[in-house]
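Q: In the working numbering, the protein residues as written are 217 to 396.
1. Can a CB atom of chain D be found closer than 8 angstroms to the CB of residue 273?
2. Applying the 10 Å Cβ sphere with the 16-neighbour rule, what's the burial state of residue 386?
3. Checking 8 angstroms against the spacing of the C-beta atoms, do residue 268 and residue 362 come in under that value?
4. Spatial neighbours of residue 294 within its chain, please: CB distance less than 8 angstroms, with the 5 preceding and 5 following residues excluded, ordered by chain position.
5. Might you give, ordered along the chain, the residues of its own chain that have their beta carbon closer than 8 angstroms to the beta carbon of residue 344, omitting 5 neighbours on each side?
6. State the Cα-Cα distance for the pair residue 317 and residue 389, rounded to the nearest angstrom.
7. Apart from the five residues on each side of it in sequence, which residues of its chain come closer than 8 angstroms, Cβ to Cβ, to residue 352?
8. Tell me which residue opens and which closes the beta strand (DSSP E) that residue 381 is part of.
9. With DSSP as the reference, please indicate the residues paired to residue 259 in a beta bridge.
10. Judging by CA-CA distance, which residue of 274, 270, 290, 308 is the nearest neighbour of residue 283?
11. Between the Cα of residue 311 and the Cα atoms of 395, 384, 396, 394, which residue gives the shortest distance?
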């Protein structure tokens, strides 16, 4: 019986040693596939408030108009910088021939809240008094360094100072934001 037990132990030990020995590796056949990822270039867009109205003012005072939530969405997936600009049409009254020639009209953009990687230039108050058409627009936000898709959102204030000689009326102008 002892011989059978010893033989069984020797066989079991030999099997354990053979199982732990490294066997020569056999190479599996391989092949490669070239893969391509296409990243589409999108657009750059700007969204602004639909309308904005000042409170009632008197001649010779200033009207402050809030412009909340202006958004530039740059989906071009590139590195080209962009600039948001404004221009304002003349303030015309509801009464025919009434035109408000403001003493000043200043646009102040707050610092933009961004996503992605646009590095924004510092903002400053700019006069839109002479920016009356697309040829004379003024920059209000500029992304100087861009990497991929990005957005910038800001609030702005338009302050219009009226002259003492202005006639009572409701004056309207169009403030146009553009991005390029």
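Virtual Cβ for every residue (Gly too), placed ideally from N, Cα, C.
A: Well, looking at it:
1. No chain D is present in this structure, which holds just one protein chain.
2. Answer is exposed; the Cβ neighbour count stays below 16.
3. For residue 268 and residue 362, no; Cβs fall outside 8 angstroms.
4. Here the set comprises 257, 362, 364.
5. Only 302, 303, 304, 321, 322, 323, 354, 374, 391 meet the Cβ criterion.
6. Approximately 11 angstroms between the Cα atoms of the pair.
7. Correct list, in chain order: 303, 346.
8. In the DSSP assignment, residue 381 falls outside any beta strand (DSSP E) and carries neither an H nor an E.
9. Looking at the DSSP assignment, residue 259 forms no beta bridge with any residue, so it has no partner.
10. Answer by Cα proximity: 270.
11. Ranking the options by Cα distance to residue 311, first place goes to 384.
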